[in-house]
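Its first residue numbered 24, the sequence shown is counted upward by one per residue in my numbering. Below is one structure, written out as C-alpha cells; the observations come after it.
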Amino acid sequence: MTSARSLFDVLRQSVSAEIVDEIERLIATAPDRKLNRINALAFSAERGLDEEQVIGGFLHAARLGLFEFSWNVLCPGCGGVLDAGASLKHVRSGIYTCALCAAGYEPSLDEMVEVTFTVSPNVRRIEAHHPHQLPAIEYFRQIYWGSGVDLPEQDYEAMVDEFIVEALELPAGEKAVISLQIAQSFIIVFEPVTHAAQFIDVKGESTKERQNLSLVFDRAHRHNDTLVMHPGPLRIAVENHTDVRTLPSVCIANDALHHVLGKRRPFLTAKRVLSNQTFRDIYRTDTLDVDQRLKIASLTFLFTDLRGSTELYERVGDLVAFDLVRAHFRVLSEIVASETGAVVKTIGDAVMASFPAPDRAIAAAVRMRDAMRGINEARGKEDMILKIGIHEGPCIAVNLNERQDYFGQTVNIASRVQHLAASNEIFTTDAVLGDPGANDLLAELGLKPLRQEVGLRGVSRDIGVFAIQ
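Okay, here's the thing in C-alpha cells:
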C-alpha cells in the first residue's frame with residue numbers, strides 16, 4: 024500500500040482532507056462489493072459530504088489511478104446495465120434493447136448513462152475484478168444492476184430468493200437441465216451475462232405431463248416471444264454457446280421483483296459529469312470520438328459577453344484591458360464551477376457555460392453580475408458591463424476542435440438571448456422559468472422577471488423571454 028499512500032498524499036493537494044480520508048477509509052475497510060461501481064452521490068449522502076466536492080474527489084482519484092471509470096448504459100425500466108466501458112466513446116447512438124423489459128431505448132446522457140468508480144486492482148483486488156467468478160446472486164448485485172437500484176444491505180439474499188426460484192452456473196460450451204414445478208404465474212428465464220430472457224405465461228389447467236423448453240445462450244439470441252404453458256412439471260434444457268460462464272435464472276415476476284426494480288436512488292449521470300468543471304479540466308481530450316453524437320434531453324446553457332469591450336481596449340490600453348478581461352474570466356469560471364456548471368469555451372470576451380439544472384445557471388448569472396459590479400466599484404469605473412443569456416432544452420454532445428462541446432437549437436437560442444440583454448441584464452427563456460427550482464430561487468432573491476415575446480434570428484417562432492434586472 025506504499026504507492027497508494029503516496030497517491031493519497033498527492034490527492035490531498037487538490038481535494039479536501041475530509042473527503043480524501045473517507046475515500047482512503049473506504050478502500051481500506053469496505054467489503055469488496057462496496058468498492059465496485061461506487062455511486063458517488065450515495066457515498067456523499069451517507070457521509071454528509073458536499074456532492075460536488077465528492078464528485079471532484081473521485082475524478083481526481085481516478086486520474087491518479089486509485090479508481091477506474093465506468094460509463095454504464097442503463098435500462099430505464101429495470102435499472103440493469105446494458106453496456107459498460109471505460110469512456111463515453113463506447114456508447115452508441117442507436118437503440119439499446121433490454122431483454123428483461125422487452126423494450127428498446129435510444130440512449131440519452133441524462134438518466135440512461137451513469138458514471139461509477141471501481142477501485143483499481145493495483146490498489147486493492149476485489150471479487151468484481153473477476154466478474155465471471157462471482158456467484159449468481161452477487162453477479163446480479165455487482166454487475167447487472169446499476170448504482171441507481173437501491174438494493175438493501177441487510178437480507179439481500181433473502182429478498183432475491185423471493186423471486187429467483189432457480190439459478191444455475193453454466194460454464195462456456197456446456198449444457199444443463201433445470202427441472203421444476205411451475206404454478207400459475209408469469210415466469211422469466213433470464214440470463215444476465217448475455218442479457219437474454221424468455222417469458223413464460225403459466226396459466227390454464229394443470230398438467231402432469233412434462234413440458235419441455237430448450238434455450239441457447241449466445242451473444243445474439245434474445246428469446247423475446249412469450250410462451251404459454253400450463254401449471255405442472257417443466258424441463259428446461261440450456262446450452263451456453265459463449266466463451267464465458269452464463270447464469271440462467273428462473274424468476275417469478277411477482278411483487279418482490281417489482282419492489283426491487285422500483286426502488287431507486289440518485290446516481291451520477293453522464294450529463295452531470297460532462298457539466299462538471301473538474302472533469303473538463305482533467306479529461307479535456309478523452310471524452311468523445313470525433314464522429315460521436317450523443318443526445319441530452321435537457322441541459323441549461325449560459326452565455327455572457329462584455330458590452331463595449333472594444334471601447335475598453337481603446338480607453339484604458341491593451342495591457343490594462345487584457346488584465347481586466349483575464350480577471351473577469353477567472354471570476355466567471357470560479358462562479359460557474361461553484362454552481363455545479365462548467366465553462367464549455369470562451370469566444371473572444373464571451374463565455375459559454377453549461378449547467379445540469381436551470382436554477383444553478385440563474386444562481387451563477389446573478390453572482391456574475393454582482394461580481395462585475397464589485398469590480399467596477401473597486402475601480403470607480405463602469406468598465407465591466409456584463410450581458411447574460413440563459414436557455415434550457417435538448418442538445419447533442421459532440422467533439423469539436425479536440426474539445427467536448429454541444430450542438431443544437433438550444434445552444435443557438437441561448438446565444439441569441441444573450442444578445443438581447445443590455446447593460447447588466449440577465450435574459451432567460453420560458454423554458455428556464457418553467458423549472459420550479461428556478462422560480463423558487465428568484466423568489467428567494469426578490470427578483471421579478473419581466474416577460475416579452477421576441478423573434479430570434481434562425482428561430483421560426485417568437486419565444487417568451489424574461490429580463491431579470
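A virtual CB, placed ideally from N, CA and C, is assigned to each residue, including glycine.
If the five residues before and after R233 are omitted, its C-beta is found closer than 6 Å to the C-beta atoms of P256, R258, all from its own chain and listed in chain order. If you look at F186, you'll find it isn't in any alpha helix (DSSP H); DSSP assigns it neither H nor E. For the 9 Å CB-CB criterion, L355 and A394 form a contact. Scanning the region 154-220 from its first residue to its last, the whole beta strand (DSSP E) runs of 3-plus residues come out as 187-190, 198-205, 208-214. By the beta-carbon neighbour count (other beta carbons within 10 angstroms, threshold 16), I370 is exposed.
For the pair A373 and F345, the Cα-to-Cα distance works out to about 14 Å. Q492 sits in coil when the DSSP states are folded into three classes, being neither helix nor strand. In this structure, the alpha-carbon of A63 lies about 10 Å from that of L72. Counting along the chain, A461 sits inside the alpha helix (DSSP H) bounded by residues 459-468. Closest by C-alpha distance to S298, out of G285, V273, Q315, A365, is A365. Rounded to the nearest angstrom, the gap between the Cα atoms of H83 and V261 is 45 Å.
With a threshold of 16 other beta carbon atoms within 10 Å, I118 falls short and is exposed. When secondary structure is reduced to three states using DSSP, K404 falls in the coil class, being assigned neither helix nor strand.
In this chain, the beta strand (DSSP E) harbouring R258 covers 255-263. CA-to-CA, the gap between V434 and A376 works out to about 10 Å. Within 10 angstroms of the beta-carbon of A181 lie fewer than 16 other beta-carbons, which makes it exposed. E74 and Q207 have their C-alpha atoms roughly 47 Å apart. Cβ neighbours of V440 within its own chain (closer than 8 Å, five residues either side excluded): F326, G412, I413, H414, F450, T451, T452, L479, V488. In this structure, DSSP gives M135 a state outside helix and strand, which the three-state scheme calls coil. DSSP lists no beta-bridge partner residue for I436. For S67, the enclosing alpha helix (DSSP H) has its first and last residue at 63-70. Note that the region 95-105 touches the region 133-141; at least 3 beta-carbon pairs, one per stretch, sit closer than 8 Å. The region 306-323 makes contact with the region 413-431: 3 or more CB pairs, one atom from each, lie closer than 8 Å. Taking the CA atoms as reference points, Q300 sits about 52 Å from S237. Within 10 angstroms of the beta-carbon of F430 lie fewer than 16 other beta-carbons, which makes it exposed. A direct Cα-Cα distance of roughly 18 Å separates R392 from T363.
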